[in-house]
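Residue numbers (the UniProt record's numbering), protein chains in the order written: chain R, 1 to 187; chain U, 1 to 274.
See structure below.
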């Protein structure tokens, strides 16, 4: 099995429920960071990390710009900024145009992380109603990383994982109940 | 973008070209964002090869202008982060209102939305007549746009909501007149704004201010450059003056931090000692 140095989860409509179900079952001693980029309305800033934090023993925090990415931490992309990963594995933020009508855009995080982590990156795309993340998964594959999607049949909104399945060579398709175990087995 | 068409080495070549050829130093910019924007421009303009792209940047001043415009981020809005403007209205500006004259530096003003927002708050606090806003940006093209004071009419609903959430007390539409698809803001608001070029990377302090705003500019700089720019702000800020940054930015890592005290719940710092 590949070595995982970063696990990124992208999602939109219907993805929060998945996270809330999955987080409690992720073991607290994972050896990589988990980075979460989900579409949400601007303004509800500190609520999401708090909500996620209540479901796990892992540290959950909203990303600060130029922050060093540390294993065993769950990072949440701040609302209304794109979240980028630098080659030295720090975060930076960017307030440029929306991508796929979204800021943060999943594509931007997937694409920049793809190059920084190359074949040591695993990205998971969850439920959602637009195609954000699909191009990003292509880039992840091109750099040797692994592309995983939520089983469209188990997704509240199937469009996003379906688009990924259609356009990207997907490595794994996971039902909700299998996501935590998949993450727990990564090393 | 699957695999990028321009690699890291080529990015560095372009950056050193810009410095040598035009004196624009982007080497302290965070790479992920800069690279994304260069690749975006490369694709947008359908460049045929890196060599051709580089040649154009180096030899066509018109294209160079476009290049700088496109690789810097110029997205902004009026009354962005209403809570910030509320703090400006209720805490910072009333304090500065006790001064005979208020000098404000808005660094990285882009197309001017924030300058006009500040002007509106000053007017409502009856302070505009004794204020001066220096709105600067490295990019002459956005300053030209800023000086026109015309923004997309379609944005006004959002801006009006921001304005109200920021404690605005008027009907927002009294500040502009609709002109086809544009909202033209009152000349009075512009009367106390000086738009001028200033490059935070290479230009020096040019005055002393009681309030410096620089929101969502430092995010594009690496830590060293951020530190230099914060030193520049410190040199340009009077004692007891205020420094305002973007919601995700901080001075906590920098050498100037110990001279400043942060206002609770906001990214606004007050200079307590020089």
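Ideal Cβ positions, reconstructed from N, Cα and C, are used throughout, including at glycine.
The beta strand (DSSP E) runs of length 3 or more contained entirely in the stretch 80-111 of chain U are, from start to end of the chain, 102-107. Among the residues of the stretch 245-259 of chain U, those with a Cβ less than 9 Å away from any Cβ of chain R are 246, 247, 248, 249, 250, 253, in the order of the chain. The stretch 100-111 of chain U and the stretch 130-148 of chain U touch, with three or more beta-carbon pairs separated by less than 8 Å. Contact check between the stretch 215-235 of chain U and the stretch 154-167 of chain U: fewer than three CB pairs, one atom from each, fall below 8 Å, which does not count as touching. Between the stretch 192-202 of chain U and the stretch 113-131 of chain U, the count of C-beta pairs closer than 8 Å reaches three or more; the two stretches touch. Going by DSSP, residue 167 of chain R is part of no beta strand (DSSP E) but of the alpha helix (DSSP H) stretching over 159-167.
Remark: C-beta atoms of residue 210 of chain U and residue 168 of chain U do not approach each other more closely than 8 Å.
Annotated as proximal: residue 38 of chain R and residue 12 of chain R, with beta-carbon spacing under 8 Å. Within the stretch 11-35 of chain R, no residue has a Cβ lying closer than 8 Å to any Cβ of chain U.
The alpha-carbon of residue 15 of chain U is positioned some 13 Å away from that of residue 53 of chain U. In the structure shown, residue 15 of chain U falls within a helical segment according to DSSP collapsed to helix, strand and coil. Residue-level contact by beta carbon fails for residue 73 of chain R and chain U, as no gap is shorter than 8 Å. Taking C-beta atoms as the reference points, residue 202 of chain U and residue 230 of chain U fail to come closer than 8 Å. If you draw a straight line from the Cα of residue 50 of chain U to the Cα of residue 21 of chain U, it is about 17 Å long. Counting only runs of at least 4 residues, the stretch 11-67 of chain U fully encloses the following alpha helix (DSSP H) elements, listed from N- to C-terminal order: 31-44, 50-59. Rounded to whole angstroms, the Cβ separation of residue 126 of chain R and residue 15 of chain R is 4 Å, and the two are in contact under 8 Å. Where residue 139 of chain R is concerned, the enclosing alpha helix (DSSP H) starts and stops at 134-142. Interface with chain R (8 Å Cβ-Cβ cutoff): residue 142 of chain U is excluded.
Among the residues of the stretch 199-211 of chain U, none has a Cβ less than 7 Å away from any Cβ of chain R. For the pair residue 259 of chain U and residue 273 of chain U, the CB atoms are nearer than the 8 Å cut-off. Take the alpha-carbon of residue 19 of chain R and the one of residue 151 of chain R: they are about 14 Å apart. In the three-state DSSP reduction, residue 170 of chain U falls in the coil class, being neither helix nor strand. Sixteen is the threshold: when 16 or more other Cβ atoms of the shown chains lie within 10 Å of the Cβ of residue 57 of chain U, as they do, the residue is buried. Listed as beta-bridge partners of residue 68 of chain R by DSSP are R/90.
Chain U has a Cβ within less than 8 Å of the Cβ of residue 78 of chain R. Residue state for residue 123 of chain U is assigned as helix, using DSSP reduced to three classes. Put simply, the backbone Cα of residue 232 of chain U is about 14 Å away from that of residue 271 of chain U.
In the three-state DSSP reduction, residue 58 of chain R falls in the coil class, being neither helix nor strand.
The beta carbon of residue 179 of chain R sits closer than 6 Å to the beta carbons of 22 from its chain, once the five residues preceding and following it are set aside; these are given in chain order. Here residue 100 of chain R is buried: its Cβ has 16 or more other Cβ atoms, across all protein chains shown, within 10 Å. Look at residue 148 of chain U here: in three-state DSSP terms it is helix. Among the bridge pairs identified by DSSP, residue 84 of chain R is matched with R/92. Against chain R, a Cβ distance below 7 Å from residue 73 of chain U picks out 94, 95, 96.
For residue 116 of chain U, the three-state secondary structure derived from DSSP is helix. In the DSSP assignment, the residues bridged to residue 173 of chain R are R/149. In this model, residue 119 of chain R and residue 73 of chain R are separated by some 20 Å (Cα to Cα).
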